[in-house]
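Below is one structure, written out as structure tokens; comments come after it.
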Amino acid sequence: MARDNWNKEQLIVALNLYWKIPYNKISGSSNSLIKQTAPIIDRTPAALAYKLMNFTSLDSEKQKIGNKGKSAASSSDKEIWNEYFGQWEKLALDSSAILATIQNKSIEDILELEPELKFTEGREKERIVKTRVNQNDFRQRILASYNGKCSITGISITSLLVASHIIPWSKNIQERLNPKNGICLNNIHDKAFDKGLITITSDFKVKLSDSILEKRKEKNIQKYFIEYENQPIVLPDRFSPSIEFLEYHHQNIFNK
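Just so we're aligned, residue 1 is where the sequence shown starts under UniProt numbering, counting upward by one.
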């Protein structure tokens, strides 16, 4: 394994990984994503985990809660952080391209696209690959921020969780990949949120639409919705939902 300084490509991959792992699992070299990624970029899991901890010293959200992380962030770490912070699409695409190149694969091979999509050509194929990379990375960032749990119910079965957009994907191109425009919900509440049957208020509480409240005597409605009325959601470790985006959802999506 290499023991020289980290190059730019390695740092880009590491930074993208940083946002995909819950903070309380970053320091462990046994994390599956760390173990999977480390050999690809010619680093040990321990070295990659340590680099991720270095990034925490640059993370203002972590510093606000007194979590300064390792203090050994290098000038190269800071350069990569400053170049890519907030540039979510660029970070996702650049990291995916680097990993694909190292493994002598195409990005679509790494994504394991459905067979029928692999035969798509030209700009349409490029669009599909780009969208899939962005969607996958957005989902991983949101689930990591919420520690893999639904913010309303606490359900932690990954296959039942959705990285819900507060402002719908199609409504705001600039904010569609912003983690503050995401919230981790289970499948049922994601669909209800998307259809405007529920919303999250600016003080982070669940609000139900009249169409649900009208059915409040039904047993299943009580179980899946009424129980959570006016209850606070569990906020993420990082990227708390934007109040501006929540207000947009309340005004434009929610069925009052």
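C-beta: ideal position from N, C-alpha, C; glycine also.
For a test of your reading of the model: does the CB of residue i fall under 7 Å from any non-hydrogen atom of the ligand FAD? Yes or no.
i, result
"I152", "The model on display carries no ligand, and the ligand FAD is accordingly not part of it."
When you compare only the Cα positions, how much space is there between residue i and residue j?
i, j, result
"K20", "T199", "26 Å"
"N31", "K130", "27 Å"
"G148", "L185", "10 Å"
"K25", "K207", "32 Å"
"I128", "S76", "32 Å"
"K205", "K78", "36 Å"
"A2", "E247", "Bear in mind that a pLDDT of 46 at A2, under 50, signals an unreliable position, so the number given afterwards is only what the model happens to contain. Computed Cα separation, rounded: 49 Å."
"I110", "A144", "21 Å"
"G86", "H249", "22 Å"
"P45", "F225", "43 Å"
"C150", "D237", "13 Å"
"N104", "E218", "56 Å"
"Q222", "R216", "6 Å"
"D94", "W169", "21 Å"
"Y18", "A92", "12 Å"
"I155", "R141", "17 Å"
"F193", "N230", "15 Å"
"D137", "S96", "10 Å"
"Q251", "L33", "39 Å"
"E124", "I107", "15 Å"
"T101", "N5", "20 Å"
"S29", "I167", "36 Å"
"D190", "S60", "29 Å"
"F245", "Q36", "35 Å"
With residue i and residue j assumed to form a contact (beta carbons below 8 Å), what rounded beta-carbon distance in angstroms separates them?
i, j, result
"D210", "K256", "7 Å"
"L99", "N134", "Incorrect: roughly 15 Å between the Cβ atoms, too far for contact."
"W81", "L48", "The pair is not a contact, with the Cβ atoms about 16 Å apart (cut-off 8 Å)."
Quick one, which of the options has its alpha-carbon nearest residue i's?
i, options, result
"I173", "I41, E89, P232 and N82", "E89"
"S202", "S60, S240 and K195", "S240"
"I253", "E108, H165, Q87 and I80", "H165"
"I243", "S57, K217, I183 and L93", "I183"
"I233", "I152, K223 and I167", "I152"
"Y84", "S156, L33 and E9", "E9"
"Y146", "N136, N7, P22 and N220", "P22"
"I188", "I167, N220 and K171", "N220"
Taking the DSSP output, what are the residues bridged to residue i?
i, result
"C184", "A163"
"T199", "K207"
"P232", "K205"
So, is the C-beta of residue i closer than 8 Å to a C-beta in chain C?
i, result
"I142", "No chain C appears in the structure shown, which is made up of a single protein chain."
Would you be able to state if there are at least three C-beta pairs under 8 Å between the segment 48-58 and the segment 71-84?
yes
Could you tell me whether the segment 160-169 touches the segment 206-220, where touching means 3 or more Cβ pairs closer than 8 Å?
no
Taking 8 Å as the threshold, find out whether the segment 36-43 comes into contact with the segment 2-13 through three or more Cβ pairs.
With the cut-off at 8 Å, the segment 36-43 and the segment 2-13 touch.
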